[in-house]
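To keep things clear, I will list the structure first and then write my remarks on it.
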Amino acid sequence: MKYIVKKTGTLIITLLIVSFLSFMAFSVIPGDAAKSKLGTEATKEQVEALQHEMGLDKPVLVRYGLWLKDFVTGDMGESYSYSMPVQEMIADKIPVNLTMVLMGFFIILLFSIPLGIFTASHEGGMLDRFLMTCNQVVMSVPGFFLGILITYVFGLVLKWFTPGAYVSPSENFGGFLAYLIAPSIAIALPKSAMAVKMLRSSVITQLHMDYVRTAFSRGNRTGRVLGRHVLKNALIPVLTFWAMTIADIMANSIILEQVFTIPGMGSLLITSISNRDYPVVQGIIVLIAAMVVLINFTVDILYGKIDPRIRMDA
Amino acid sequence: MRKDRKNKSGNLIIGASLAGFMLLFLLIGLLYTPYDPDAMSGGAKFAAPSLAHLFGCDQFGRDILSRVMKGTGTTFFVGAATVMIGGGIGLLVGAFTGYFGGWLDEILMRFNDAVVSFPSILLALVFISILGPGKYNVILALGVVFIPSFARMTRSEFISQREMDYVKSARLMGASHLRIMFIHILPNTLPTVLATAAIGFNNAVLAEAGMSYLGIGVQPPDASLGRMLSESQAYLATAPWCALFPGVAVILLALGFSLLSDGLQKKGGK
């Protein structure tokens, strides 16, 4: 219980730091929001009036407090370019990215757990070496280039899917999921390679432990030792890595959207950056940051559940 | 065990030769390219790879080999400069906080934890949205983004070294803190620091390519592998070589340095 309280404390502090930093980052921009909204032809009085209306004449900390209160209650401000509430612009895009992240994460698990255990238990063998070499290469491929390769090989040559034919989930949910398979694989593969590497070395470390020898000496088969004893311990360090991966695939889904012309948060973020539409950029960034921090928090809690030693240390 | 040792230096050698090869490739590109990388030629539009144009030509008939040479140069420059900024400042922060500890260390590390948990490319996007795109802004953004990971790595190395006997005896002999930190401790942390720098370089290369691919990284007239990739996508069906070669260049650059870092890590540690 003490552990959870402590972690919750850290969670709140981290969320405050992250939100304050993103708030500050967009408050120090040269030329303030009122001016950029009114354009260059506005008179001084007009600018001052709007500054007052937008609350820009208040001290920074007060503005941060107000902004935070609005943000938590779901009001993310108004887009400069579209004069639309930011939350409305983002709302229908979040599921697209979340689906990509979930599918990507699932694919990572699908690849990395069997491969990691297999290569570790065949350490030094021909197949292990071959797989680890492939692994090293895949790790260095940028996700978006993998996306382009997949588009070319499976989309244009083999015609397994039509590049650019995105289906919106409200129209046809099955088609939507099917279209997201290719980008999810492109996001997941380089990360799976890293996960295989992590899991392999973690399993190898565990295999050299005394308890494994004991388990073998009691007549257990390899599969049983791996499954019942080793895997549980080996997964602990990998869990942190997976949590970090979720943050990364979230970021990568933004790039992969462009490769597969998927209208998600990424394309909105990129256009908003080009248009200097700061409320939208800020909303998306803080939202993603909050999600990442929450995921890390969940993993920390799970961690304590799986391995009581961690709970004791904290 | 022997097999393991063979593998150790194997990574280092392959990594070093790959990185060396790419370095040579871009150094040659600085002095000589087969064609002017920006010269357009209507006749050579979408020319397939041939003896005259080894990597083929793009939508304006520009020689892709020459452009990849220039683009690799830009990418390498961004990666190296990023590591210099992020690594240099991170090293200093990590050295001081690790060596002295105390409340400043506590605060900085809390702050670090918050930043490290955040995907670096997004953080760089925040900087770019404020600073605007361009080669130097990308370097600045990525450099700042990489400070925390370097600081964390150096800090943990300094913490494990500062209680060692050689540090104590240096202190007894009256060496100043700065001397102990940079003359005595730093050389012992070098394998880890270098491995971290190689990983950082790797991440910087991939991040730069990604940002330029999105169109908010390196801007023309600077050649960039990421930008070449994003332009090539429209012609993927007819001219796949436009995408293939810049992509392979990014992979080789990243692969070389990731093997190098692996090799260094194994050599230094376990």
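Sequence lines, in order, name chains C and W.
One point on numbering: in full-length UniProt numbering, the residue at position 119 of the first sequence is 119, and numbering is uninterrupted.
One point on numbering: in full-length UniProt numbering, the residue at position 94 of the second sequence is 94, and numbering is uninterrupted.
Glycine included, each C-beta is placed from N, C-alpha and C at the ideal position.
Are at least three pairs of beta-carbons, each pair with one atom in the segment 237-250 of chain C and one in the segment 115-122 of chain W, less than 8 Å apart?
yes
Between Ser22 of chain C and the rest of its own chain, which residues show a CB-CB distance below 8 Å, the 5 nearest in sequence each way excluded?
Gln282, Ile285, Val286, Ala289
Ignore the nearest five residues each way along the sequence and tell me which others in Ser129 of chain W's own chain have a CB closer than 7 Å to its CB.
none
Using a C-beta cutoff of 7 Å, does Leu11 of chain C count as contacting chain W?
no
Can you tell me which residues form a DSSP beta bridge with Pro85 of chain C?
C:Glu78
Mind listing which residues of the segment 115-133 of chain W have their C-beta closer than 7 Å to chain C's C-betas, in chain order?
Here the close residues are Ser117, Phe118, Pro119, Ile121, Leu122, Leu125, Val126, Ile128, Ser129, Ile130.
Name, going along the chain, the residues of the segment 172-185 of chain W whose beta-carbon falls closer than 9 Å to a beta-carbon of chain C.
Going along the segment 172-185 of chain W in chain order, one finds no residue with a Cβ nearer than 9 Å to chain C.
With a threshold of 16 other CB atoms inside 10 Å of the CB of Asn172 of chain C, please say whether the residue is buried or exposed.
exposed
May I have a chain-ordered list of the alpha helix (DSSP H) segments no shorter than 4 residues that lie completely inside the segment 211-235 of chain W?
225-232
With 7 Å as the limit, tell me which residues of the segment 238-262 of chain W have their beta carbon closer than that to any beta carbon of chain D; keep them in chain order.
No chain D appears in the structure shown, which is made up of the protein chains C and W.
Tell me whether the beta-carbon of Leu142 of chain W lies closer than 7 Å to the beta-carbon of Ala204 of chain W.
yes
Below 8 Å on the Cβ atoms is my guess for Leu264 of chain W versus Pro187 of chain W; work out the distance and round it to an integer in Å.
With 8 Å as the limit, Leu264 of chain W and Pro187 of chain W do not qualify as a contact, their Cβ atoms being about 14 Å apart.
Note down, one range per segment and in chain order, each alpha helix (DSSP H) of at least 4 residues found wholly within the segment 46-107 of chain W.
64-100
So Phe111 of chain W contacts chain C; which residues on that side make the cut at Cβ distance below 8 Å?
Close partners of Phe111 of chain W in chain C (Cβ separation under 8 Å): Ile17.
Apart from the five residues just before and just after Leu229 of chain W, which ones in its own chain have a Cβ nearer than 7 Å to its Cβ?
Tyr213, Ala243, Pro246, Gly247
What three-state label does DSSP hand Ile262 of chain C in the structure shown?
coil
7 Å Cβ cutoff, Ala19 of chain W in contact with chain C:
no
Could you check whether the segment 256-263 of chain W touches the segment 175-182 of chain C, counting it as contact only if at least three pairs of C-beta atoms, one from each stretch, sit closer than 8 Å?
Note that the segment 256-263 of chain W does not touch the segment 175-182 of chain C; fewer than 3 beta-carbon pairs, one per stretch, sit closer than 8 Å.
Check each residue of the segment 276-289 of chain C: if its Cβ is closer than 8 Å to any Cβ of chain W, include it; give the result in chain order.
Arg276, Tyr278, Val281, Ile285, Ile288, Ala289
For Asn137 of chain W, collect the residues of the same chain with a Cβ closer than 8 Å to its Cβ; drop the 5 residues on either side in sequence, then sort them by chain order.
Phe127, Ile128, Leu131
DSSP on Thr119 of chain C, reduced to helix/strand/coil?
Correct three-state label for Thr119 of chain C: helix.
Under 8 Å from the C-beta of Ile216 of chain W: neighbouring residues of chain C:
In chain order: Ile270, Ile273, Ser274.
For Phe105 of chain C, tell me which candidate among C:Leu68, C:Ala193, C:Glu88, C:Val293 has the shortest Cα-Cα distance.
C:Ala193
Taking a contact to mean a Cβ-Cβ separation below 7 Å, would you say Ala215 of chain C touches Val203 of chain C in this structure?
no
I'd like to know if Ala49 of chain C contacts chain W, where contact means its C-beta is closer than 7 Å to some C-beta of that chain.
Residue-level contact by beta carbon fails for Ala49 of chain C and chain W, as no gap is shorter than 7 Å.
Please name the residue in W:Ile13, W:Ile64, W:Leu206 whose C-alpha comes closest to that of Gly143 of chain C.
W:Leu206
Using 10 angstroms around the beta-carbon of Glu163 of chain W, count the other beta-carbons present and answer buried if the total reaches 16, otherwise exposed.
Classification of Glu163 of chain W: exposed, given that the 10 Å Cβ count is below 16.
Can you list the residues of chain C that Gly210 of chain W reaches, using a CB-CB cut of under 7 Å?
Pro142, Phe144, Ile255
Can you list, in chain order, the residues of its chain with a C-beta nearer than 8 Å to that of Phe201 of chain W? Leave out the 5 residues immediately preceding and following it.
Gly79, Ala80, Thr82, Val83, Phe257
Use the C-beta contact count for Ser169 of chain W: other C-beta atoms within 10 angstroms, 16 or more gives buried, fewer gives exposed.
Here Ser169 of chain W is exposed. Its C-beta has fewer than 16 other C-beta atoms within 10 Å.
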